[in-house]
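A.B. asks:
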Amino acid sequence: MTSPKHQPIVSPNLPKPAGPYSPGMQLDRLLFISGQGATDLTTGQQAEGIEAQTEQVLRNLERILVAGGSSLQHVLRCGVFLVDMKEFPRMNAVYERVFAGHRPARTTVQVSALPEPGLRVEIDCIAYVP
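Following UniProt numbering, the numbering of the sequence shown begins with 1 at its first residue and continues without gaps.
This is the structure in structure tokens:
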């Protein structure tokens, strides 16, 4: 019996990790996507406000998923990290719109801070390759 092989998801147009980790890892048909921030890859600027940040975070996740052969519609679980739980309803409205009816399992927690100054939300996910 051979061990399953895992490999990083690589593509030139993926968000650059802020530390010693991969944007995503693939194990067979499963994709594990690292928590993403709200930096727009075309401008290098962080989105402003919880709605714009949530949208950008999900678009950054989507890029990594596509590079791994998947999409938002194949996400199984998300972890959402908010700096202020009072922003949950506004984050949730964008999340629901972007996922377009798909409802992955999810955990949402409030954290005291996120790695980038001004970052209000970070999201990670687990998905599969269809």
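All C-beta atoms in this analysis are idealised placements derived from N, C-alpha and C, irrespective of residue type, glycine included.
Buried or exposed: P130, going by 16 or more other Cβ atoms within 10 Å of its Cβ?
C.D. replies: The residue in question, P130, is exposed, as its Cβ has fewer than 16 Cβ neighbours within 10 Å.
A.B. asks: Quick check on the burial criterion: 16 or more other C-beta atoms within 10 angstroms. Buried or exposed for L65?
C.D. replies: Buried is the call here.
A.B. asks: Is there contact between the segment 66-73 and the segment 41-57, where contact requires at least three CB pairs shorter than 8 Å?
C.D. replies: No contact exists between the segment 66-73 and the segment 41-57.
A.B. asks: On a Cα-Cα basis, can you pick out the residue from F81, E51, Y95, L30 that is closest to Q110?
C.D. replies: Ranking F81, E51, Y95, L30 by Cα distance to Q110 puts F81 first.
A.B. asks: Helix, strand or coil: which one does DSSP assign to H74?
C.D. replies: In the structure shown, H74 sits in a helix (DSSP, three-state: H, G or I).
A.B. asks: Could you give the C-beta distance for I123 and V57, rounded to a whole number, given that I count them as a contact under 8 Å?
C.D. replies: Going by Cβ atoms, the distance from I123 to V57 rounds to 5 Å, so yes, they are a contact pair.
A.B. asks: Out of L30, G79, A93, point me to the one whose CA is closest to A52's CA.
C.D. replies: The residue with the shortest Cα to Cα distance from A52 is A93.
A.B. asks: Around the C-beta of M91, are 16 or more other C-beta atoms found within 10 angstroms, so that it is buried, or is it exposed?
C.D. replies: That one is buried.
A.B. asks: Based on the DSSP output, what are the partners of D40 in its beta bridges?
C.D. replies: DSSP, once it has assigned bridges, lists no residue as partnering D40.
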